[in-house]
Amino acid sequence: MTLLLTIKLLILIAVANGAPVMATRLLGERFAHPLDGGLCLWDGRPLFGRSKTVRGLLVAVAATALVAALLGFSWRTGALFGAAAMVGDLFSSFLKRRLGIPSSGQAAGLDQIPESLFPLLACYRLLDLSPLAVAVVVVLFTAGQVVISPLMYRLGIRRRPY
Numbered sequence: 019m020t021l022l023l024t025i026k027l028l029i030l031i032a033v034a035n036g037a038p039v040m041a042t043r044l045l046g047e048r049f050a051h052p053l054d055g056g057l058c059l060w061d062g063r064p065l066f067g068r069s070k071t072v073r074g075l076l077v078a079v080a081a082t083a084l085v086a087a088l089l090g091f092s093w094r095t096g097a098l099f100g101a102a103a104m105v106g107d108l109f110s111s112f113l114k115r116r117l118g119i120p121s122s123g124q125a126a127g128l129d130q131i132p133e134s135l136f137p138l139l140a141c142y143r144l145l146d147l148s149p150l151a152v153a154v155v156v157v158l159f160t161a162g163q164v165v166i167s168p169l170m171y172r173l174g175i176r177r178r179p180y
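Number 139 in the numbering used here belongs to position 121 of the sequence shown; there are no gaps in the numbering.
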């Protein structure tokens with residue numbers, strides 16, 4: 019895997035995961051309908067939580083498709099990448115709710131690994147990735163979040179410094 023492909027993949031992961039955050043910053047609560055419809059499970063906790071919205075899912079898929087096309091991938095690959103990143107994010111949220119971690123609460127690794135691993139696995143063959151390439155991108159994204167999240171908080175993009 020080349021350095022350029024690594025950078026492009028990191029950009030796609032960042033766009034997929036950052037687009038819903040930016041939509042919240044720009045639109046507030048407008049059009050923010052929870053994906054789980056407020057459903058609570060057997061443990062009395064939400065399926066995903068209020069911060070996982072239809073708007074966030076749609077914005078993530080659309081933004082990732084657009085950026086993928088700009089980076090030389092097909093928009094369909096970008097849409098798949100964005101959708102898979104959101105499935106990873108939902109998986110993480112589901113697990114965090116079961117563990118009693120509140121919506122937008124921090125869980126190191128669990129917050130980063132599924133949302134970077136799922137899209138790489140979904141596009142594994144389309145992008146001709148190797149297991150090593152997937153591991154490298156997941157590690158770089160996870161480590162990068164440690165640096166970037168506090169910066170995004172200071173810039174007023176994130177509500178919390180993680």
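Heads up, the beta-carbon is just placed ideally off N, CA and C, and yes, glycines get one too.
Near the ligand SAM: residue i beta-carbon under 8 Å from a heavy atom
i	result
Ser-167	The ligand SAM is absent from the structure shown, which contains no ligand whatsoever.
Within 9 Å, strictly: CB atoms of residue i and residue j
i	j	result
Gly-67	Ala-83	no
Leu-27	Val-155	yes
Val-72	His-51	yes
Phe-112	Phe-136	no
Lys-114	Gly-123	yes
Leu-145	Thr-95	yes
Leu-44	Arg-116	no
Cutoff 6 Å; reference residue i; Cβ partners in own chain excluding five residues on either side
i	result
Leu-75	Met-104
Met-19	Ala-151
Val-79	Ala-97, Gly-100 and Ala-101
Ala-81	Val-33 and Ala-37
Gln-163	Gln-130
Phe-49	Arg-73
Host alpha helix (DSSP H) of residue i (start-end)
i	result
Lys-26	21-45
Ile-131	131-140
Arg-115	93-116
Phe-172	In the sequence as presented, Phe is not what sits at residue 172; that position holds Arg. 149-172 is the extent of the alpha helix (DSSP H) around Arg-172.
Ala-80	72-88
Sequence-distant residues of its chain with Cβ nearer than 8 Å to residue i (five each side left out)
i	result
Thr-160	Gly-127, Gln-130, Ile-131 and Ser-134
Leu-158	Thr-24 and Leu-28
Ser-148	Met-19
Same chain only: Cβ atoms within 7 Å of residue i, ignoring 5 sequence neighbours per side
i	result
Ser-121	Gly-67, Arg-68 and Ser-69
Val-77	Ala-37, Pro-38 and Ala-41
CB-CB length for residue i against residue j, believed under 8 Å
i	j	result
Ala-86	Leu-30	6 Å
Using 8 Å as the cut-off, can you tell me whether the stretch 88-99 makes contact with the stretch 38-51, which would need three or more C-beta pairs spanning the two stretches below that distance? Output reads no: the stretch 38-51 does not touch the stretch 88-99.
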